[in-house]
Structures are given as C-alpha cells and as structure tokens.
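Contents: one structure, followed by commentary.
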Amino acid sequence: MKFGERLKNFFSGKSAFSQELFDDLCDLLIEGDFGASQAYKTTELLMERCKKESASEAPQKLAQLLEEELLKARPVPNPAPPGKLCAILLLGVNGTGKTTTAAKLGSFYNSQYNKKAILAAADTFRAAAIDQLKIHGEKLNTRVIAHKQGGDPAAVVYDALEAALSGGGDVVIADTAGRMHTKSALVEELRKIDRVVEAKAAEACYLKYLVLDATTGRNAFAQAEIFHGAVNIDAVILTKYDSTAKGGVVFSLASELGLPVAYVCTGEKYGDIEIFDPNKFAREFAGID
Ligand SMILES: Nc1nc2c(ncn2[C@@H]2O[C@H](COP(=O)(O)OP(=O)(O)OP(=O)(O)O)[C@@H](O)[C@H]2O)c(=O)[nH]1
Ligand SMILES: [Mg+2]
C-alpha cells in the first residue's frame, strides 16, 4: 500500500479532531519517513490551522501544508539550457541507483532536451561498474568514456568533458563510486572531480545530483547531510519510488537542507524517470485525489 493510502484511510476514519488524532498523525508522519522534528512541526502547524479554519477540510489542509514545505526548497536549476554544455555528476552511496540513473538521464536528455549524451565511467572503484555502464551505452547507442579499474575518476571526467567540448556531445553524465576505502577518501575524490569540472568546463551548466534510494527512509536524509556538506549538491534524484517507498524524507530535504528533488525514478527501465512535480507528490503523499 502506498503511504498516501494510509493517510487517506487515517483521515477518513476520523470524524472529530482531538489531541489524540494529532498525536496519531504525528506518529504516522514519522512512520512515513518525515523525521521526528519535521513531523512535530508539521503537526503543530496543522493543529493551528484546524483551530482557525473549518476542521472538515483538514485533509486538504495537510496536502497544502506539505506542498508549502516542498516549495521551501531552492528551485531546481534549469537542467538543460539551450546551446550550453551540461556537466552532470551523479553522487550517492552504493546501490542507490547511480549507474542506472546515468543511463536513464542520458536517454532523457536525448529525447526530452535534444542533447546528445556522453556517459563518463567515473566509478573506477568497483570491478563491474565500468562494464555495467558500457552495456547501457551499447543499448542506448551512447558513447561511454572509460579508463581502467583503479584509475583516476577525475581524469575520466576530464576526458569526457574534452570529448564533449570537441563536438562529441552536449551533456556529460558522470557515474561516480558510491564507496571508497574510507569516507574521507571518497569526499576527497569527489572534491577533485568537482575541481576538474570547474576548471575544464567553467562555462558549462554544472549540476551535482545526489541519488537517493526512496526505500531507505531516514537513512537517505543522513546521506544527504554528508554529501551536501562535502560538495554542495544542487538537487536530489529519488530512485525506487515504485515499491513500498514512503517518500516523507523529501519534505525534510526541502525544509532542513533546502534541497529540491529534480527527478523521480519509478522502475528499472530507461523510461522510468520523470521530472519531479512537488504538487503532485504532496497530494499523493497526503492521500488526496
Ligand atoms: N525498482 C527500481 N530499481 C532501481 C531503480 N534504480 C535503480 N534500480 C536498481 O537498483 C540496483 C542498483 O542500481 P545501480 O544503478 O547499480 O546502483 P549504483 O548506485 O550505481 O550502485 P553502486 O555502483 O554499487 O554504487 C539495480 O538492480 C537497479 O536495477 C528504480 O528507480 N527502481
Ligand atoms: Mg554504480
């Protein structure tokens, strides 16, 4: 059952508003991956509103409130300004869906933005990572720039940018490693890639997306804090929002870190990616519609 169904059932089973109802709602929001402080804050706000306004409209009010939380995030930067080279880094811990998302984005940029993609295999850490990206490249008929396993990821990104700048493509999408020997090594590596892009493609539209697995709940928020602290993230891509994911983490990413969601992925196929719609998401989460 999608989380929205649960909120919908919760509201439809209530006829009067009581302290107990708000306590239960708060618990439910926490269960929905809201995070405790965010859940308390939202419940308080909702209580205030219900006092002032017609209580029978409360479910709609909740959707409105959630929508407002989402709109607190910085706006998502234009992902594909016409005539400009785009450089995209996909970051995130292992298994969140970076490699799959790199392929999906390559195909998306091609079909939706009319930009030709080059995929950069900057995850040189894991043995199969390079081949995994190459297979996607073959299926999508998209060029993949790769070095050997254990190579310097920043050099891979450099070569991919070089290829794009010399006319080979309009967007470089770099898959990065989700894991290193130590966390500080990973952060250093990401910062180095960051410096290469800044230097090599200063004019480019440069976007760093953090790929988060929606099924990991509050853990995703902790990952966002770490990555955002290490290299400023522009926006989040939420993957695996297709099974039992609750999605509440999106609201605290917005209100506590100011991070917007750019895309949502809902499956393993190349077409399973769409631009995030905050209004639709808030309404679904709140069980409205
Ligand atoms: N259901 C579903 N599965 C997904 C989605 N995105 C990725 N996956 C699956 O999640 C698994 C991990 O995906 P990868 O793209 O390899 O993840 P990664 O972040 O590159 O992993 P590492 O390279 O190990 O760090 C694969 O089995 C993908 O098919 C999604 O949106 N929905
Ligand atoms: Mg990968």
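The sequence shown begins at 1144 in this note's numbering and counts up one residue at a time. We put the CB at the ideal spot given by N, CA and C, even for glycine. As the structure is a prediction and not an experimental result, all values here were calculated from the model.
- The three-state secondary structure of L1262, taken from DSSP, is strand.
- Taking each of F1177, A1201 and S1309 in turn and checking the Cα distance to A1344, the smallest one comes out for S1309.
- As DSSP reads the structure, T1382 sits in a beta bridge with D1356.
- Secondary structure of D1337 (DSSP, three-state): helix.
- Contact between the stretch 1164-1171 and the stretch 1183-1197 is present: three or more C-beta pairs spanning the two stretches fall below 8 Å.
- D1166 carries a helical assignment under DSSP once its states are collapsed to helix, strand and coil.
- Excluding residues up to 5 positions away in sequence, A1223, C1229, Y1252, D1313 and V1314 lie with their Cβ nearer than 7 Å to the Cβ of K1258 in the same chain.
- Rounded to the nearest angstrom, the gap between the Cα atoms of D1176 and V1404 is 16 Å.
- Judged by beta-carbon spacing, G1321 lies within the 8 Å limit of V1236, meaning their Cβ atoms are closer than that value.
- Just so you know, the alpha carbons of K1195 and K1351 end up roughly 42 Å apart.
- Leaving aside the five residues that flank R1217 on each side, the residues in its chain whose CB is nearer than 7 Å to its CB run, in chain order, G1401 and P1403.
- Around the C-beta of A1270, fewer than 16 other C-beta atoms lie within 10 Å, and the residue is accordingly described as exposed.
- Between the alpha carbons of F1428 and Q1203 lies a gap of roughly 12 Å.
- Contact check for G1430 and F1154: beta-carbon distance about 7 Å, within the 8 Å limit, so the pair qualifies.
- In this structure, the beta-carbon distance from T1285 to T1382 does not fall below 8 Å.
- Taking a cut-off of 8 Å for Cβ pairs, the stretch 1325-1334 and the stretch 1207-1221 do not touch, as fewer than three such pairs fall below it.
- Cβ-Cβ distances below 8 Å link K1423 to nothing in the same chain once the five nearest sequence neighbours on each side are left out.
- Contact between E1210 and P1421 holds: CB atoms are separated by about 6 Å, below the 8 Å threshold.
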